[in-house]
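Structure record follows, encoded as structure tokens.
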């Protein structure tokens, strides 16, 4: 076991890795590299077919192997071995070959192993909002989470809320929990699209709120539509630009029904769905937004809120425990079930917006960010070192 100066830590980048997970890893890797004299070297393990994903992780050490590509011979061999002996022998051999000491944010390798495992449970949404999952999905998530708890040397959670949920879910493993609050990098502004170009590309004019959440039911877009309808009745011209994927594998009919609701509410002129857009377009929209908007019913640790904090933006956000824990300095909270409260919060943010103040707050947040990022990396490094000596 490597307990010397440098600890090589493996991360698996697998097909189907959801966008939020990729963003999380990219920010974590950057934070690790920001630590002076860092003793942790992250290494990405991925399939040979995943080469297109690697441009999102510049400067990273990468190991490719066909065992991570679905339906290849080595992929089948790995599955057979895992089912027959409940151990991931092929992955273990690959990790040892590359002198890996810790497997992080991934599934366990099986029985007690010299390669330590840091398990990650993003959230316990299926317990808080069971109505958004089938019975089979809830049972599957609970089984997977319990396996992670049982077989990991350390459990990383992103918030005190998640730690409290872990204590309730698996009290016998709560002692393994380590808190790692995610810090998002501010969106790069050097290549950001200009506001005039964005207005022309997406056919909008005037101030806007930015809602950069995927269109999943728990993200609570419907309350935004209700609030916009109320604002329209008050002759308030406030528009929301919504970005993100419209696909929800759990509920394929959700997005069409949401857009029908927006049409029935006669707010399609103020609820503008841009969908998945280029990175530099999103950077520009974030920079020039009156405020970010996050009406979510539940979050493990909101990336959009962290991005707003790192950019010094106003954030109108749902009053849920994890958002309170994230504590954005320019946050305006509202009850996620109260459309009147959201309408009032949006009007407050709109009326109180000052371009010069916003620019000054962005500059201050950018100046503060390196310290926040380094602290994120230092906490993770401490977790790794503690795991290695367990």
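Numbering (the working numbering), first residue to last: 52 to 441.
We put the beta carbon where it would ideally sit given N, CA and C, even for glycine.
With 16 other Cβ atoms within 10 Å as the buried cut-off, status of residue 195:
Numbered from its first residue, the chain shown carries residue 195 at position 144. Flag for residue 195 reads exposed.
Relative to the alpha-carbon of residue 264, which residue among 296, 275, 240, 388 has its alpha-carbon at the smallest distance?
By 1-based counting over the chain shown, the position of residue 264 is 213. Answer by Cα proximity: 296.
Are the CB atoms of residue 364 and residue 340 nearer to each other than 8 angstroms?
Counting from one through the chain shown, the residue named residue 364 turns up at place 313. Counting from one through the chain shown, the residue named residue 340 turns up at place 289. Yes. Within cutoff.
Mind checking residue 432: buried by the 16 CB within 10 Å criterion, or exposed?
To locate residue 432, count along the chain shown from 1; it is residue 381. Buried, since its Cβ has 16 or more Cβ neighbours within 10 Å.
CB-CB under 7 angstroms to residue 376, same chain, minus the five flanking residues each way: which ones, in chain order?
Numbered from 1 along the chain shown, position 325 holds the residue referred to as residue 376. Correct list, in chain order: 210, 211, 212.
At 4 residues or longer, and completely inside the region 110-195: list those alpha helix (DSSP H) runs for me, N to C.
Listed in chain order, the complete alpha helix (DSSP H) runs (minimum 4 residues) inside the region 110-195 are 124-136, 140-148, 176-179.
Would you say residue 109 faces chain C, with C-beta separation under 8 angstroms as the test?
No chain C is present in this structure, which holds just one protein chain.
Under DSSP, the alpha helix (DSSP H) around residue 415 begins and ends at which residues?
In the chain shown, residue 415 corresponds to position 364, counting from 1. Counting along the chain, the alpha helix (DSSP H) containing residue 415 begins and ends at 406-439.
How about the region 179-189 and the region 78-86: do they share at least three Cβ pairs that are nearer than 8 angstroms?
no
Could you tell me if residue 171 is buried or exposed, where buried requires 16 or more neighbouring beta carbons within 10 angstroms of its beta carbon?
For the purposes of this step, residue 171 is taken as residue 120 along the chain shown, with counting starting at 1. Looking at its Cβ environment, which holds 16 or more other Cβ atoms inside 10 Å, residue 171 is buried.
Through-space distance from residue 435 to residue 168, alpha-carbon basis
Locating residue 168 in the chain shown gives position 117, where the first residue counts as 1. Locating residue 435 in the chain shown gives position 384, where the first residue counts as 1. So the two alpha carbons sit approximately 9 angstroms from each other.
Report the three-state DSSP secondary structure of residue 59 (helix, strand or coil).
For this step, residue 59 is matched to residue 8 along the chain shown. Three-state result, residue 59: strand.
If we count the other Cβ atoms within 10 Å of its Cβ and call it buried at 16 or more, is residue 109 buried or exposed?
Residue 109 sits at position 58 when you count from the first residue of the chain shown. Burial call: exposed.
Output the boundary residues of the alpha helix (DSSP H) element that contains residue 215.
In the chain shown, counting from the first residue as 1, residue 215 sits at position 164. Here the alpha helix (DSSP H) through residue 215 covers 211-220.
Residues bridged to residue 384 (per DSSP)
As a first step, residue 384 is located in the chain shown; it is residue number 333 there, counting from the start. Answer by DSSP bridge pairing, in chain order: 368.
Cβ-based neighbour list, residue 53, same chain, cut-off 8 angstroms, excluding 5 preceding and 5 following:
Here residue 53 refers to the residue found at position 2 of the chain shown. Residue placement at residue 53 is poorly supported in this model, since its pLDDT is 44, which falls under 50; the coordinates still yield a value, given next. Closer than 8 angstroms at the Cβ level, and outside the excluded window around residue 53, lie 59, 150, 152, 439.
Touching or not, the region 243-251 and the region 221-233, by the rule of three or more beta carbon pairs under 8 angstroms?
The region 243-251 vs the region 221-233: no contact.
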